[in-house]
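J.: My questions will all concern the structure given below.
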Amino acid sequence: MQLDAKIPGGPLAEKWDRHRFELKLVNPANKRKYDIIVVGTGLAGGAASASLAELGYNVKTFCIQDSPRRAHSIAAQGGINASKNYQNDGDSDRRLFYDTIKGGDFRAREANVYRLAQLSGNIIDQCVAQGVPFAREYGGQLANRSFGGAQVSRTFYARGQTGQQLLLGAYSALSRQIAAKKVEMYTRREMLDVVVIDGQARGIVVRNLVSGEIEKYAADAVVLATGGYGNVFYLSTNAMGANVSATYRAYKKGAFFANPCFTQIHPTCIPVHGTYQSKLTLMSESLRNDGRVWVPKKPGDKRKPSEIPEAERDYYLENKYPSFGNLVPRDVASRNAKEQCDKGKGVGETGLAVYLDFADAIKRDGKDTIEKKYANLFQMYEKITADNPYETPMMIYPAVHYAMGGLWVDYNLMSTIDGLFVLGEANFSDHGANRLGASALMQGLADGYFIIPYTIGGYLTTAAKKQIKTDHPAFRESEKQINDFTNKLLSIKGKRTADDFHRQLGNILWEYCGMSRNDAGLEKARKLIQELRGEFWKNVLVPGSDKDFNQSLEKAGRVADYLEFGELLVIDALSRKESCGGHFNEAHQTEENEAMRDDENFCHVSAWEYKGEGNDPVLNKEPLTFENVKLTQRSYK
Amino acid sequence: MTKTLNLTLRVWRQKGPDSAGKLETYNAKNISTDMSFLEMIDVINEQLTLEGKEPIAFDHDCREGICGMCGTVVNGRPHGPEKGTTLCQLHMRHFSDGDTIVIEPWRSRAFKIIKDLVVDRSALDKIIQAGGYVSVNTGGAPDANAIPISQEIAEKAMDAAACIGCGACVAACPNASAMLFASAKISQLALLPQGKPEAAKRAIEMVRTMDNLGFGNCTNERECEAECPKEISIVNIARMNREFFKASFFSDVK
Chain W
5 MQLDAKIPGG PLAEKWDRHR FELKLVNPAN KRKYDIIVVG TGLAGGAASA
55 SLAELGYNVK TFCIQDSPRR AHSIAAQGGI NASKNYQNDG DSDRRLFYDT
105 IKGGDFRARE ANVYRLAQLS GNIIDQCVAQ GVPFAREYGG QLANRSFGGA
155 QVSRTFYARG QTGQQLLLGA YSALSRQIAA KKVEMYTRRE MLDVVVIDGQ
205 ARGIVVRNLV SGEIEKYAAD AVVLATGGYG NVFYLSTNAM GANVSATYRA
255 YKKGAFFANP CFTQIHPTCI PVHGTYQSKL TLMSESLRND GRVWVPKKPG
305 DKRKPSEIPE AERDYYLENK YPSFGNLVPR DVASRNAKEQ CDKGKGVGET
355 GLAVYLDFAD AIKRDGKDTI EKKYANLFQM YEKITADNPY ETPMMIYPAV
405 HYAMGGLWVD YNLMSTIDGL FVLGEANFSD HGANRLGASA LMQGLADGYF
455 IIPYTIGGYL TTAAKKQIKT DHPAFRESEK QINDFTNKLL SIKGKRTADD
505 FHRQLGNILW EYCGMSRNDA GLEKARKLIQ ELRGEFWKNV LVPGSDKDFN
555 QSLEKAGRVA DYLEFGELLV IDALSRKESC GGHFNEAHQT EENEAMRDDE
605 NFCHVSAWEY KGEGNDPVLN KEPLTFENVK LTQRSYK
Chain S
12 MTKTLNLTLR VWRQKGPDSA GKLETYNAKN ISTDMSFLEM IDVINEQLTL
62 EGKEPIAFDH DCREGICGMC GTVVNGRPHG PEKGTTLCQL HMRHFSDGDT
112 IVIEPWRSRA FKIIKDLVVD RSALDKIIQA GGYVSVNTGG APDANAIPIS
162 QEIAEKAMDA AACIGCGACV AACPNASAML FASAKISQLA LLPQGKPEAA
212 KRAIEMVRTM DNLGFGNCTN ERECEAECPK EISIVNIARM NREFFKASFF
262 SDVK
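In the order they appear, the protein sequences are chains W and S. Sequential numbering from 5 applies to the first sequence in the numbering used here. Sequential numbering from 12 applies to the second sequence in the numbering used here.
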């Protein structure tokens, strides 16, 4: 299939403006005749629900948590980028665009990323108008800090709780529309299928997680904002409930899945400490503004950090990358941490950790200043580890954090299924092979507040308007499949819990498809996943019944999808015979162990098409053309 | 140092909103002191499942103290014994070998029990829907630096805005009052210039909705402040009361 990204013509900076003019409009009186379903209430879904309802559409919004305020956007700590250039330090839309394209190792679409940069300033304006309490300077102006992969200070923040405050802003706008009866809010619902009729997305089927009932909802368009798939690795910084099921089931209905092997492993997380561990906790990248990363120079040095003199420490990021230092992009920082630990220079009980040291910053700026910037992060660290980072360096290690890959979308954010739009982390569009810090919040809100309100109108005016009700055979068929799937899970009554299978799948992926990959390992992983999936369907134990509040059943359904999706991730990694950003194939590296791209053969988006159970997915390529930037070997030296 | 504990758990089990519940006893053996409280429940649940029993239903999501989804009453205290800590951030090193731990759901007339430790907190969303927002549509906002806001005001607003909506304040209060929750949002928006045009309406509508939903009144017990995992101050309740009286006496809002 020929993928058409529908990128508008004209100069880069004028594309979005031109496109908005060319999109057909729905007149205000007609908007109320359209029903739109939004799944997910994070930054993208919350912002989209509120903005679409403000325009007059009838919106039905769904989330799996007990309240739309709980979505995992809430946990983003460090900040949100915008090219406001308030610091007068040389920032511009073009610079934010370039940093993002380069940070993504030249595997994102120019037009999408430029639009993102153009919209970044509007987001800050919108959030401030909502009452988001961003950090301020003494004069009352907004404060900024620096993040990885940039040499300007363009990150806006609200202590270490930026995601929380932005999400509560979107949630407040959504709450206003719920009160105005323009949004019907459905909480504790899990989307289990997209209903496609005559090639168009016309509704969803969900499980009511309280009663266990299967419910059907029809609409004129469906918007998925269901987040990323990082939890396929079992241990990640994602929330426990974050899952791939909504996007994976859309994939099975015909939406292409793009670049699943582009997963971000974040360099600064609290290290793993036990097999019972359920998740990993991120320590914001903003800490790298003031923290210095180091390991002992001598492998196997077991002395306490305070006993290792300055001359015997290796500040490897500062030494290797003098211009970016501790603020290199995430993929680079993570790989370097792994490299040090592989050399035996890792610290802590497991040897799988490096130090992030604030002693110099505290000496320079005083404890009060550091406390003001990072108090909640330091407190979080102390609660988990019982160590005080004001006195002893933090220990950190990389962990799975974000999915750059996601459902393929065109410039309008529409998937390969007409009328199925995908926003935020759930799509693949803007971050290429590596996302820069403080860019996820920017993308989620740009998609939700400023892109979907325009592009969905363009679709609705051209799509055939047909009345569809939930008694349509396609809905009944979907419901039947879901019931069969659930009954099968409950009837196996095996000997292992879904969690147990999930943990094993995570180990396989982390081992063979984590920070560093090779073809033999990937082949092995694929086989191991197939075997594990076979065992799952014979030996999983799911207690309870379907017509009840049953968290084990929810989990089992998600793990069943991970066991298929995990293989897709490996297949994608195998097919990309180059290294770029978060995808590092050992066979493709420079002499200095940096990722080596192959622009001749792999300058494309890999979009996978589902071909039915038991068949290999088919690869469709969307070539990436760069007219405004020169493809170079990324350098942060 | 990592150690292991043997504990006795007394956990509230209730099949549904209309069934009777009771405390069941479970033995938790070899619990590592590095585990979080919720990881300890995971271990028990894995064990129960393998024994053919139904695991304990409990709400949780981010497990890093920010989503507000988790929370049970542990030995009579919402989110357990540690100050300024959500249940997911409470680690087992704060307990001793041989302890008995009683685990119960939030209890309040406004929070119906769904199952075991899971309660329905949608009443909190309804309070926000009554006015916990600035009425501004997407688009057309002025430049973010157009309204200077002093650092002091921004910090105070942020202190209030840190509320995670977990409902521990309600569970802690002998009157099951939601005043700390409502006042945090009213305060945040009353402090900031963006929230001022609607301040009177917001205070009246949110307080009225809170009362109608069956939450009790504030009698200055200060339990909410003591148990709040984000240490939201009851200064916010005083500010809400001021906003409410100001609105009642000096505005046209009915």
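Yeah, the Cβ is synthetic: ideal placement off N, Cα and C, and Gly gets one too.
Can you find a C-beta in chain W that's less than 8 angstroms from the C-beta of H90(S)?
T.: Looking up residue 90(S) in the second sequence gives position 79. No, its Cβ sits nowhere closer than 8 angstroms to a Cβ of chain W.
J.: Can you tell me the Cα-Cα spacing of W20(W) and E481(W), whole angstroms?
T.: By 1-based counting over the first sequence, the position of residue 20(W) is 16. By 1-based counting over the first sequence, the position of residue 481(W) is 477. Cα to Cα, W20(W) sits roughly 40 angstroms from E481(W).
J.: Going by DSSP, which residues form a beta bridge with K712(W)?
T.: Residue coverage of chain W in this structure runs from 5 to 641, which leaves residue 712(W) outside it and unanswerable.
J.: Does chain S have any CB closer than 8 angstroms to the CB of L545(W)?
T.: The residue given as residue 545(W) occupies position 541 in the first sequence. It does; some Cβ of chain S falls within 8 angstroms.
J.: Closest by CA to K33(S), which one among A39(S), N41(S), R21(S), I42(S)?
T.: The sequence position of residue 33(S) within the second sequence is 22, counting from 1. For K33(S), the closest of A39(S), N41(S), R21(S), I42(S) by C-alpha to C-alpha distance is R21(S).
J.: Would you tell me roughly how many angstroms separate the C-alpha atoms of V218(S) and A193(S), rounded to the nearest one?
T.: Looking up residue 218(S) in the second sequence gives position 207. Looking up residue 193(S) in the second sequence gives position 182. For V218(S) and A193(S), the distance between alpha carbons rounds to 8 angstroms.
J.: Can you list the residues of chain W that D154(S) reaches, using a CB-CB cut of under 7 angstroms?
T.: Taking the first residue of the second sequence as 1, we reach residue 154(S) at position 143. Those within 7 angstroms of D154(S) in chain W are D129.
J.: Opposite E194(W) in the DSSP bridges: which residues?
T.: On the first sequence, residue 194(W) is found 190 positions in, with the first residue counted as 1. Bridge partners of E194(W): R211(W).
J.: Since I believe D93(W) is in contact with S157(W) (beta carbons under 8 angstroms), could you give me their beta-carbon distance rounded to a whole number of angstroms?
T.: Here residue 157(W) refers to the residue found at position 153 of the first sequence. Here residue 93(W) refers to the residue found at position 89 of the first sequence. That pair is a contact at about 6 angstroms.
J.: By the 8 angstroms beta-carbon criterion, what residues does the segment 220 to 245 of chain S contribute toward chain W?
T.: none
J.: Can you tell me which of the three DSSP states A52(W) falls into?
T.: For the purposes of this step, residue 52(W) is taken as the residue at position 48 of the first sequence. Three-state result, A52(W): helix.
J.: According to DSSP, which residues form a beta bridge with L100(W)?
T.: The residue labelled residue 100(W) in the question sits at position 96 within the first sequence. Its beta-bridge partners do not exist; DSSP assigns none.
J.: Give every residue of the same chain whose Cβ lies closer than 7 angstroms to the Cβ of N235(W), excluding the five residues on either side of it in the sequence, and list them in chain order.
T.: Taking the first sequence and counting its residues from 1, the one referred to as residue 235(W) is at position 231. Sequence-distant Cβ neighbours of N235(W) in its own chain, meaning closer than 7 angstroms and more than five residues away, are N242, A246, N247.
J.: Rounding to the nearest angstrom, what Cα-Cα distance links A668(W) and G410(W) in this structure?
T.: Not covered by the structure: residue 668(W). The range shown for chain W is 5 to 641.
J.: Determine the DSSP secondary structure at S47(S), reduced to helix, strand or coil.
T.: Position 36 of the second sequence, counted from the first residue, corresponds to residue 47(S). Reduced to three states, the DSSP call for S47(S) is strand.
J.: Mark T191(W) as exposed unless 16 or more other C-beta atoms lie within 10 angstroms of its C-beta, in which case mark it buried.
T.: Walking along the first sequence from the start, residue 191(W) turns up at place 187. That one is buried.
J.: Who are the neighbours of K126(S) on chain W, taking C-beta pairs under 7 angstroms?
T.: If you number the second sequence from 1, residue 126(S) lands on position 115. The answer, in chain order, is F553.
J.: Determine the chain S residues that contact H270(W) at a beta-carbon separation under 9 angstroms, and present them in chain order.
T.: Locating residue 270(W) in the first sequence gives position 266, where the first residue counts as 1. Under the 9 angstroms cutoff, chain S gives no residues; its nearest Cβ is about 13 angstroms from H270(W).
J.: Can you tell me whether Y406(W) is buried or exposed? The criterion is at least 16 other CB atoms within 10 Å of its CB, across all chains shown.
T.: Position 402 of the first sequence, counting from 1, holds the residue named residue 406(W). By the C-beta density criterion, Y406(W) is buried, having at least 16 other C-beta atoms within 10 angstroms.
J.: Which of the residues in the segment 487 to 514 of chain W, read from start to end, lie with their CB under 7 angstroms from any CB of chain S?
T.: T501, D503
J.: Select from the segment 186 to 203 of chain S all residues with a C-beta closer than 8 angstroms to any C-beta belonging to chain W, and list them in chain order.
T.: Q199, L200, L203
J.: Do Y280(W) and M103(S) have their C-beta atoms closer together than 8 angstroms?
T.: Here residue 280(W) refers to the residue found at position 276 of the first sequence. Here residue 103(S) refers to the residue found at position 92 of the second sequence. Not closer than 8 angstroms, so no.
J.: Given a threshold of 16 other Cβ atoms within 10 Å of its Cβ, counted over all protein chains shown, does N392(W) qualify as buried or as exposed?
T.: Walking along the first sequence from the start, residue 392(W) turns up at place 388. So N392(W) counts as exposed.
J.: Please tell me whether L228(W) and G46(W) are closer than 8 angstroms, where the distance is taken between their beta carbons.
T.: As a position in the first sequence, residue 228(W) is number 224, starting the count at 1. As a position in the first sequence, residue 46(W) is number 42, starting the count at 1. No.
J.: Could you check what DSSP says for P300(W) in three-state terms: helix, strand or coil?
T.: Mapped onto the first sequence, residue 300(W) falls at position 296. The answer is strand: DSSP assigns P300(W) an E or B state.
J.: Using a Cβ-Cβ cut-off of less than 7 angstroms, give me the residues of the segment 105 to 135 of chain W that come near chain S, in sequence order.
T.: I128, D129, Q130, V132, A133, Q134, G135
J.: Please report whether the beta-carbon of A172(S) lies at a distance below 8 angstroms from any beta-carbon of chain W.
T.: As a position in the second sequence, residue 172(S) is number 161, starting the count at 1. Yes, contact with chain W.
J.: Exposed or buried, which one is W514(W) when buried takes at least 16 other CB atoms within 10 Å?
T.: Position 510 of the first sequence, counting from 1, holds the residue named residue 514(W). Under this definition W514(W) is a buried residue.
J.: Closer than 9 angstroms between beta carbons: that is the criterion. Which residues of the segment 57 to 70 of chain S meet it against chain W?
T.: Residues E57, L59, T60, L61, G63, K64, E65, P66, A68, F69, D70.
J.: Considering Cα atoms alone, identify which of A237(S), S262(S), C184(S), A258(S) is closest to F226(S).
T.: Looking up residue 226(S) in the second sequence gives position 215. When only C-alpha atoms are compared, the closest one is C184(S).
J.: Within 8 angstroms (strictly less), CB to CB, does M244(W) reach chain S?
T.: Locating residue 244(W) in the first sequence gives position 240, where the first residue counts as 1. It does; some Cβ of chain S falls within 8 angstroms.
J.: So, at 7 angstroms on beta carbons, what are the nonlocal neighbours of V117(W) in its own chain, with the 5 sequence-adjacent residues on each side left out?
T.: Looking up residue 117(W) in the first sequence gives position 113. So the list reads F101, T104, I105, D434, once near-sequence residues are dropped.
J.: For the 8 angstroms Cβ check, are there 3 or more pairs between the segment 468 to 484 of chain W and the segment 492 to 501 of chain W?
T.: no
J.: Output needed for L233(W): all residues of its chain with C-beta closer than 6 angstroms, excluding positions within five of it in sequence on either side, in chain order.
T.: If you number the first sequence from 1, residue 233(W) lands on position 229. The question names Leu, but residue 233(W) is Tyr in the sequence shown. Same-chain partners within the cutoff: V248, A407.
J.: Please go through the same chain and pick out, in chain order, the residues whose beta-carbon is closer than 7 angstroms to the beta-carbon of G91(S), but skip the five residues on each side of it.
T.: Along the second sequence, read from residue 1 onward, the residue named residue 91(S) stands at position 80. These residues qualify, in order along the chain: F48, V85, L98, L101.
J.: Between G107(W), D523(W), S77(W), which lies nearest to P333(W) when the distance is taken from Cα to Cα?
T.: Locating residue 333(W) in the first sequence gives position 329, where the first residue counts as 1. Considering only alpha carbons, the answer is G107(W).
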